[in-house]
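Using our numbering, read the sequence shown as starting at 619 and increasing by one per residue. We put the beta carbon where it would ideally sit given N, CA and C, even for glycine. Keep in mind the model is a prediction, meaning the values are calculated, not measured.
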Amino acid sequence: PHIIHTHTAKAGVLGRLAAFVNRVPVRVHTFHGHVLHGYFSPPVSRLVRLVERVLARGTTALVAVGERVRDELVEAGIGQRDRFTAIAPGVEEPPAIDREIARQLLGLPLEVPVVMFVGRLTAIKRPDRLVEAFGMVLERIPEAVLAVAGEGELLEEVRRSVERLGDSVRLLGWQSDVGRLYAAADLVVISSDNEGMPVTLIEAAMAGVPSVTTDVGSAREVVVDGVTGLVVSVNAMALADGLVRLLSSSDRLEMGVAARNRALTAFSLERLISDHLQLYEDLLIRRDPTNAT
């Protein structure tokens, strides 16, 4: 091939090493986030940074899913800023799904505010923070329901931690139809310590659902604070306050409309494909200017 384009940490190592060995002329790697903190012990994190620094030197172009992700990588010494291109994810516009039908299919009550979490139940996503925050929400909005869609190594721990909240928390397990989840939701929540550019927030926006997210990674580049949702500090109290504020807001529906309008342009599949085609063309022309013709 003329171009090898790798994604994710492990595939990025293996794919780029294979590209070096086979002298593939153009090597591109996309960081969908990073595992530089919050995932491993300090010694392992240092090793990961070292490996990524070495690989970056032999990579023709580096792609980050957001500007903040790019900046964090550059600050960690992984690649030069001028080697990076920021290309945000893109998703398909979901089909219209009736809210009442979606809630019936998911076993959710029809006439209560529903907060939806969609993601892996793993330490970096901080489901413990989410449960703590939602307990505070129930003190002010007792009829609210938290729906958790996803599985992971913390599933049983989460199941035990929500027992005290009774039917106010519904564990939906793994769901194949994410459109149904967003159709059933009044808002979407992310409680993470670390993210790239969360696709959950993009999917929610595309479905016209506002979000509350911790201020991590490039989440702020998806959720425009106060316009398409809320971006809050990385702690349970701030998350709870954000959820209550948005659930109580008369502007919530307008925020959903604004989120959808922005997502249709900024996070479409067409834009994603166009950005990658432009990157590949630029890299090939840079290597061989005769490609310009």
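Does the distance from the CB of residue i to the CB of residue j come in under 8 Å?
| i | j | result |
| --- | --- | --- |
| Val644 | Leu902 | yes |
| His650 | Val683 | yes |
| Ala837 | Arg878 | no |
| Gly835 | Val850 | no |
| Val730 | Leu764 | no |
| Leu728 | Leu756 | no |
| Ala679 | Leu897 | yes |
| Ile759 | Val862 | yes |
| Leu726 | Val732 | yes |
| Phe735 | Val766 | yes |
| Arg721 | Ala636 | no |
| Thr626 | Arg634 | no |
Closest by CA to residue i, which one among the options?
| i | options | result |
| --- | --- | --- |
| Leu723 | Pro745, Phe702, Gln793, Leu890 | Gln793 |
| Ala674 | Ala822, Ala704, Val631, Leu783 | Val631 |
| Pro707 | Glu761, Glu839, Pro760 | Glu839 |
| Ala769 | Thr703, Arg699, Gly737 | Going by the sequence as given, residue 769 is Glu instead of Ala. When only C-alpha atoms are compared, the closest one is Gly737. |
| Leu691 | Val776, Val666, Met873 | Val666 |
| Val806 | Arg889, Leu890, Gly814, Ala825 | Ala825 |
| Ser867 | Glu888, Val830, Thr678 | Val830 |
| Gly797 | Pro745, Val845, Leu864, Val709 | Val709 |
| Leu799 | Asp716, Arg778, Asp746 | Asp716 |
| Val875 | Leu773, Val842, Ala627, Leu895 | Val842 |
| Ser886 | Glu899, Pro712, Glu774 | Pro712 |
| Thr703 | Thr677, Arg777, Arg664 | Thr677 |
| Leu890 | Val681, Glu718, Val662 | Val681 |
Quick test of your reading: residue i and residue j, contact by CB under 8 Å. State the CB separation rounded to the nearest angstrom.
| i | j | result |
| --- | --- | --- |
| Pro828 | Gly847 | 4 Å |
| Leu622 | Val642 | Reading off the sequence, residue 622 comes out as Ile, not Leu. Indeed they touch by this definition, with Cβ atoms about 5 Å apart. |
Whole angstroms is fine: what's the gap from residue i's alpha carbon to residue j's?
| i | j | result |
| --- | --- | --- |
| Ala881 | Ile820 | 7 Å |
| Asn853 | Asp869 | 24 Å |
| Pro660 | Ala741 | 16 Å |
| Ala751 | Ala856 | 8 Å |
| Val749 | Glu781 | 11 Å |
| Ser809 | Arg744 | 6 Å |
| Leu871 | Gly791 | 27 Å |
| Ala858 | Arg747 | 10 Å |
| Ile705 | Leu865 | 32 Å |
| Ala714 | Asp804 | 15 Å |
| Val845 | Leu789 | 29 Å |
| Ala762 | Leu895 | 45 Å |
| Asp811 | Thr818 | 15 Å |
| Gly814 | Glu775 | 25 Å |
| Ser663 | Ala694 | 11 Å |
| Glu771 | Arg777 | 11 Å |
| Ile696 | Met754 | 40 Å |
| Thr911 | Arg905 | In this prediction, Thr911 has a pLDDT of 47, which is less than 50 and means its spatial position is unreliable; what the coordinates show is noted afterwards. Near 13 Å, if we compare the C-alpha coordinates of Arg905 and Thr911. |
| Glu685 | His620 | 27 Å |
| Arg699 | Ser779 | 43 Å |
| Asp689 | Asp833 | 15 Å |
| Glu888 | Asp900 | 18 Å |
| Glu718 | Asp795 | 15 Å |
| Ser884 | Ser892 | The question names Ser, but residue 884 in the sequence shown is Ala. Using only the alpha carbons, I get a separation of about 12 Å. |
| Asp785 | Leu773 | 17 Å |
At a Cβ threshold of 8 Å, is residue i touching chain D?
| i | result |
| --- | --- |
| Gln698 | Looking at the structure shown, chain D is missing, and only one protein chain is on hand. |
Any heavy atom of the ligand MN closer than 7 Å to the CB of residue i?
| i | result |
| --- | --- |
| Arg778 | Among the components modelled here there is no ligand, and therefore nothing to report on the ligand MN. |
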